[in-house]
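Enquirer:
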Amino acid sequence: MTGATSVQTMPFAKALSAGLRAAMASDDHVLLMGEDIGKLGGVFRVTEGLQAEFGDRRVLDTPLAESGIVGTAIGLAMAGFRPVVEIQFDGFVFPAFDQITTQLAKLTNRHEGALQMPVVIRIPYGGHIGAVEHHQESPEAYFAHTPGLRVVSPSTPNDAYWMIQDAIASPDPVIFLEPKAKYWLKGEVDTAERALPLHASRIARRGTDVTLVGHGAMVTTLLQAAALAESEGTSCEVVDLRSLSPIDYGPILDSVRRTGRMVYAQEAPGNVSVGSEVAATVMERAFFALESPVLRVSGFDVPFPPAKLEGTYLPDVDRILEAVDRALAY
Amino acid sequence: MTGATSVQTMPFAKALSAGLRAAMASDDHVLLMGEDIGKLGGVFRVTEGLQAEFGDRRVLDTPLAESGIVGTAIGLAMAGFRPVVEIQFDGFVFPAFDQITTQLAKLTNRHEGALQMPVVIRIPYGGHIGAVEHHQESPEAYFAHTPGLRVVSPSTPNDAYWMIQDAIASPDPVIFLEPKAKYWLKGEVDTAERALPLHASRIARRGTDVTLVGHGAMVTTLLQAAALAESEGTSCEVVDLRSLSPIDYGPILDSVRRTGRMVYAQEAPGNVSVGSEVAATVMERAFFALESPVLRVSGFDVPFPPAKLEGTYLPDVDRILEAVDRALAY
Amino acid sequence: MTPPDDPALVRVLAADGTFAPTPEAERFLPLIDALTDTDLETFYRDMVVVRAFDRQATHLQRQGQLALWPPSLGQEAAQVGSVRATRPQDHLFPSYREHVVATTRGVDPIDIIRVMRGLSHGGWDPTDPANGNTHIYTLVLGSHTLHATGYGMGMVFDGRCATGDPNRDEAVIVYYGDGASSQGDVHEAMVFANTYQTPQVFFLQNNQWAISVPVATQSRSPLHARAAGYGMPSTLVDGNDVLASYAVSKLALDEARAGAGPRAIEAMTYRMGAHTTSDDPTKYRTSDEEQSWAQRDPIARMHAYLRARGASDAFFDEVDAAAAAYADDVRVRTNALGGLEASTMFAHVYSEPHPLMVEQERWTAEYEASFAGGAA
Amino acid sequence: MTPPDDPALVRVLAADGTFAPTPEAERFLPLIDALTDTDLETFYRDMVVVRAFDRQATHLQRQGQLALWPPSLGQEAAQVGSVRATRPQDHLFPSYREHVVATTRGVDPIDIIRVMRGLSHGGWDPTDPANGNTHIYTLVLGSHTLHATGYGMGMVFDGRCATGDPNRDEAVIVYYGDGASSQGDVHEAMVFANTYQTPQVFFLQNNQWAISVPVATQSRSPLHARAAGYGMPSTLVDGNDVLASYAVSKLALDEARAGAGPRAIEAMTYRMGAHTTSDDPTKYRTSDEEQSWAQRDPIARMHAYLRARGASDAFFDEVDAAAAAYADDVRVRTNALGGLEASTMFAHVYSEPHPLMVEQERWTAEYEASFAGGAA
Ligand SMILES: Cc1ncc(C[n+]2csc(CCOP(=O)(O)OP(=O)(O)O)c2C)c(N)n1
Ligand SMILES: Cc1ncc(C[n+]2csc(CCOP(=O)(O)OP(=O)(O)O)c2C)c(N)n1
Ligand SMILES: [Mg+2]
Ligand SMILES: [Mg+2]
């Protein structure tokens, strides 16, 4: 395939779907499991058509039990499969938390390397869709804190396409967080060549005054904020974290050493969060470069509110710019 | 009772037991639930004698199912009880994680305040006892990140005695983390008067050069480090966090503003941890006071290792002093 | 999976509304004989009224007034039968599709609407006597079964059941679905219920589907048979027969209240509508199947039965009018619903003051005020 | 709770070792008849040898050589019977007290010792053919039952069972306890096993206690009866009768391998020792109870049976000597065990390089070197 023909514009969900299809086609032990992912194609239609294409032994509509899904995925991985689990919504991952934390995350270590655990857990996460309780949460901190897991979150269709394939290829368990607000976002996907490795962070926009860092759906918001800031004379660099565990600090530190100021944006409650870690680490490693403390713009430390308040709860362009102003005012 | 007679020396576990007894005696709807807590008195004997004293309707040896224990504790709280749940070891709290996170933590909010959730979950946590897997972990970050929970950890017998009673009295759910390494630690308990409210941090030692902050079993280690540092000419202030959520930053910020340097110590893996949050917040709020970044001494970002390596895994006096030296060298 | 016409089925009314008890129904007939004409009419009215509300809510969602609506359409008999078997002092733990249960116990339908509109997570206050001890919906499937069991344990410990006085004895009834039955929490709820002999009825509405997944994926054998493994009696009932649903629930609740321990019921029914307004059932089920279940419509069945017993046109017309008025009232009140103050987000996370709530609420107020100031 | 002498019990050897099959045992007799004298001697030898190891390990713990020891004492017949019914190609998922199972399949006892000494979390490599497809212990009770089911699903999907060739067909057997049976994961494992018809045997060792909690707290009715609720056949067996344990396991495994779907077994046995070396059973159970179970000792029973069949003193002496030598060897090798390098902590957290591991391993090495330097 030549570069020219390999670039297509498609929505995020379709790119994910294409990535899943490519992984399934290249390894017949890649298998999808979850609630309503087969005949229905998943509530977000990410797996649409895959059961028809690969059969119901490769795309399983499982019983309704998340611990059971992840627990049997572990057993399948022991038997040589590469299961890709879909959790229907962020808030429903907790029944599987024990299997993820005490088992999936630890089994390779417990086996002293004798057993790999190539299990991917896909979780549509985050807000912006006006849904009922448990359907808009951002549980990434729980996973990022857990040794043995890798945690990633694509924010563009191109990353969705490549990162899902890289996650499936990983011999380690990967928590794959899909910003559900972006499922319909269209973008260019280059199916010939991956731009970046799975765990690299990415400079999404160049700038000189303040470094904006975030993940998932917030990357779009940060880019919008940067555009607005530019019109007001402030030049923001935007870094898309992409990988929440491990975190690729190189581009962030490099940026902060140039700008001296940083704002982190996330939808999750801020207390003991990925943003806390990034802030603490950046301040530790770039202490003398900083002209103001790393500021965090997060979801409030409350349960995700009823949908009519999500606009208040979720960090938006204004709240990010407010933090940018505060950083600049130091 | 006069002050003179109200002070007794007792081990941490006995102080806890006395606190539980006092709470049960003063409210007949306080009820203990857990595995092996009745006839056996718990694997650490904290509830020893309480079933004999209060009967098997007040101290329940439950079936072996943690989600069931916490889930029914929630129902009991709805029916007007104040259940105190014992999780046998830190690593066995995860089967109950869904009930804790999606239910216990959120029910008061979901009920818009119409229902209180006075449930205490006692968890013996941390290392230093040379035990097998799942018996030495420090899961506090998971709970501290969760809105709706309160998280505390006493480090002295006096705090054990009072904090368990205050936790039981709290209308909110409290995750009560007991540093199991300290169960046998003796100390004075003043049964007449509480020294501090449940969510206050505590200056455990005065000092001027570096502020050492930590929680649980680490407080002892920090005090030992401070003693050693003093002999080498460095004066360390030690703050016992006591409450991990919410965190009482007053004494910490006050101290850091005086010392300009801080080290946080915890047994948990450092990535996305309580230490990350404290570091990020202190750097944010005391930015100009800091002469060096807040440094963290944590468990490594690995599953708690086999017992023969716990001495390497767990932060000790030397590792704390190494960080103190680094802080001073900035 | 239970075949819809399992020989163990308790059914009183055939699909066409004729009185034709199955052999298993015989022992329940005295409970049905004891019902008055008014009772029968109430059952019918309940079903018709809530169906009208349910349809109205579906329309409201289509009009953009609600984020989501999970219809109870088709499950009215299972819900009315069981809820009319409860006593005022009983506690009910619904899952999330029990609109018939909730409203029949007194919950204002607008409170359910508020949940589905994104104005509230809980909707109503279960401690308010007006709500008939109806606990709020739980969206994490199965997790509320443990709350019900714990509540039942509290009844045992406080001597609220098995007192010897049926007017004082209390019970809990917990509703869950065929899909939810696979969750570990449901198992643990049954383990604890049997160990502590809670005065509790596990009421499983087997509506054949968990979104797109047929009940055969959850279980190859009848779900009600699980109860025996815990030492719990269970009954399989035609959930589209309101009389049978009433009778089996009544007996189970009476026994539970009196101290006989927990009981289980599987009500065979059908989700006649979509899973929710976001769902398209044509993707996964046939219209043949839907039509075959339309033949067993619980309301049509009771209508035929009442008609045969001599109920008048005037009665049916009056019920229809009441239902229309009820649904209309919901529509009017839905359209009048206001918004939410930001401060409500912080107000109830904790019952006692919490520094992060104080700080973040203050910050939000000041931040919002800064815009107001800017616009002024 | 199952009474130890439930009429459904399959037992071949009475407690005194006489051949006295219960009515339920009749259909298993052909399987027992097919056993050779060597087979019977092997069963006996397995039990005696591992009991000697188990006692040795208890001593080693008392001497401070181990952090903990959970004895298998008393459960030898349940474990030997079931494991000798497996085929080489089968996969075994133990809980954490299956020392007899593990060593009989080939696991080096020193690997179990290493786990309990705090040198390793896993102990052995289940992918090494020497370990007979014995998976490692899982300490989070019940969670491994799902791994076993998942493994069985893999067998189904890869056509590793029900091939028509019994020499190729594979099965999984998963061990768990009466306490663990209350966990939601066990329920979900049964749900998935039945849905996907895994070639799987759920082997419950009901040793009457979960630490200090009697089985009656987990269930008021027989645990094996739960299987029926999932559509799974189950058998109740005297777990202190190695012949009965063998026969019921053999049939269940053969059927599972051939494609008949999962099966359940409840083996009634007794934990004759403490829960672990940290436990003091006198706190919660009577010596009467302990003595009544001592009468049913699985080894004494088989000893009497073999003796009556004419086994010689020389045979028994030889087995005792072999057992003593085995235990001695474990002691010697335990005392020779070394320590652990810090680097092992970082080596296997991930299969691929990870920056935090690299940094923290490097930091640790430099930090440790700084002390070495200081001391030099
Ligand atoms: C723990 C959990 N997992 C997934 C979901 C998403 N979900 C909502 S309803 C539903 C199907 C429920 O089926 P069933 O229990 O039969 O109830 P029904 O919808 O038929 O009333 C699913 C999968 C959820 N709410 N909770
Ligand atoms: C999830 C979990 N909770 C608690 C424990 C602590 N624990 C270890 S063994 C045990 C009792 C187990 O009883 P049972 O399942 O009957 O097995 P047995 O010890 O009798 O072999 C308990 C409570 C654990 N290991 N895992
Ligand atoms: Mg259903
Ligand atoms: Mg047991």
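Chains as they are written, first to last, in the numbering used here: chain Y, 70 to 399; chain P, 70 to 399; chain B, 1406 to 1781; chain W, 1406 to 1781. Where is the CB? At the ideal position from N, CA and C, for every residue including glycine.
1) Taking 8 Å as the CB-CB limit, is G1564 (chain W) close to chain Y?
2) Any Cβ of chain W within less than 8 Å of the Cβ of S239 (chain Y)?
3) Should R1625 (chain B) be flagged as near chain W, meaning a C-beta pair shorter than 8 Å?
4) Within the 8 Å Cβ cut-off, does Y382 (chain Y) reach chain P?
5) Sorry if obvious, but does the Cβ on W1474 (chain W) come closer than 7 Å to a heavy atom of ligand 1?
6) Among all residues, which have a Cβ less than 6 Å from at least one non-hydrogen atom of ligand 4, and in what chain order do they fall?
7) Grab me the residues of Y194 (chain P)'s own chain with a C-beta within less than 6 Å of its C-beta, minus the 5 sequence neighbours each way, in chain order.
8) Shortest alpha-carbon distance to A1783 (chain W) belongs to which of W:L1524, W:I1541 and W:T1600?
9) Which bits of chain P does Y1635 (chain B) rub up against, with CB to CB less than 8 Å?
10) Report the option in B:A1774, B:R1502, B:E1593 and B:T1550 whose CA atom is closest to the CA atom of R1631 (chain W).
11) Please state whether DSSP places P1686 (chain W) in a helix, a strand or coil.
12) Starting from the Cα of V21 (chain Y), find the closest Cα among B:N1538, B:N1536 and B:G1527 and give me that residue.
13) Is the closest heavy atom of ligand 2 to the C-beta of Q157 (chain P) under 7 Å?
14) Note down, in chain order, every chain Y residue with its Cβ under 7 Å from the Cβ of T1491 (chain W).
15) How is F163 (chain Y) classed by DSSP in three states: helix, strand or coil?
16) By DSSP, does A273 (chain P) sit in helix, in strand, or in coil?
17) Determine the direct distance from the alpha carbon of V1620 (chain B) to that of S1626 (chain B), and round the result to whole angstroms.
18) Does DSSP put M1637 (chain B) in a helix, a strand or coil?
19) So who's on the other strand from R191 (chain P), going by DSSP bridges?
20) Are there 16 or more other CB atoms within 10 angstroms of the CB of E104 (chain Y), so buried, or fewer, so exposed?
21) Is there a C-beta anywhere in chain Y that falls below 8 Å from the one on E1746 (chain W)?
22) As a quick exercise: from W:L1436, W:Q1623 and W:V1417, pick the residue whose alpha carbon is nearest that of D1659 (chain W).
23) Please confirm whether any heavy atom of ligand 2 lies closer than 7 Å to the CB of E1671 (chain W).
24) From A1716 (chain B) to L1478 (chain B), what distance separates their C-alpha atoms?
25) Rounded to a whole number of angstroms, what is the C-alpha to C-alpha distance between D1459 (chain W) and A1726 (chain W)?
26) Bridge partners of L281 (chain Y), per DSSP?
27) Around the C-beta of T1532 (chain B), are 16 or more other C-beta atoms found within 10 angstroms, so that it is buried, or is it exposed?
28) Where in the region 1588–1659 of chain B do unbroken runs of the beta strand (DSSP E), each at least 3 residues long, occur, reported from the N-terminal end onward?
29) Verify the CB distance criterion: does A376 (chain P) have a CB-CB separation below 8 Å to chain W?
30) According to the Cβ coordinates, are G199 (chain P) and F373 (chain P) closer than 8 Å?
31) How many angstroms separate the CA atom of T71 (chain Y) from the CA atom of I190 (chain Y)?
32) So, at 8 Å on beta carbons, what are the nonlocal neighbours of A355 (chain Y) in its own chain, with the 5 sequence-adjacent residues on each side left out?
33) Going by Cα to Cα distance, which pick from B:Q1700, B:V1647 and B:F1608 is closest to H1629 (chain B)?
34) Give a yes or no on contact between the region 1691–1709 of chain W and the region 1643–1650 of chain W, applying the rule of three or more CB pairs nearer than 8 Å.
35) I'd like to know if S136 (chain P) contacts chain B, where contact means its C-beta is closer than 8 Å to some C-beta of that chain.
36) Suppose you measure from the CA of Q1765 (chain W) to the CA of L364 (chain P); what does that come to, to the nearest Å?
Expert: According to the data block:
1) no
2) yes
3) yes
4) no
5) no
6) W:G1582, W:D1583, W:G1584, W:N1612, W:W1614 and W:A1615
7) D159, S207 and L246
8) This structure does not reach residue 1783 (chain W), given that chain W is present from 1406 up to 1781, and the question cannot be answered.
9) Within chain P, no residue comes near Y1635 (chain B); the closest Cβ sits about 11 Å away, beyond 8 Å.
10) B:E1593
11) helix
12) For residue 21 (chain Y) there is no data in the structure shown, the boundaries of chain Y being 70 and 399.
13) yes
14) None at all; the shortest Cβ gap to chain Y is about 17 Å.
15) helix
16) strand
17) 10 Å
18) coil
19) P:E155 and P:F245
20) buried
21) no
22) W:L1436
23) no
24) 24 Å
25) 15 Å
26) Y:V307 and Y:V332
27) exposed
28) 1605–1611 and 1639–1643
29) yes
30) no
31) Note that T71 (chain Y) scores 48 on pLDDT, short of 50, meaning its location in the model is unreliable; the coordinates nonetheless yield the value given after this. The straight-line gap from Cα to Cα measures roughly 32 Å.
32) L322, V325 and R326
33) B:F1608
34) yes
35) yes
36) 15 Å
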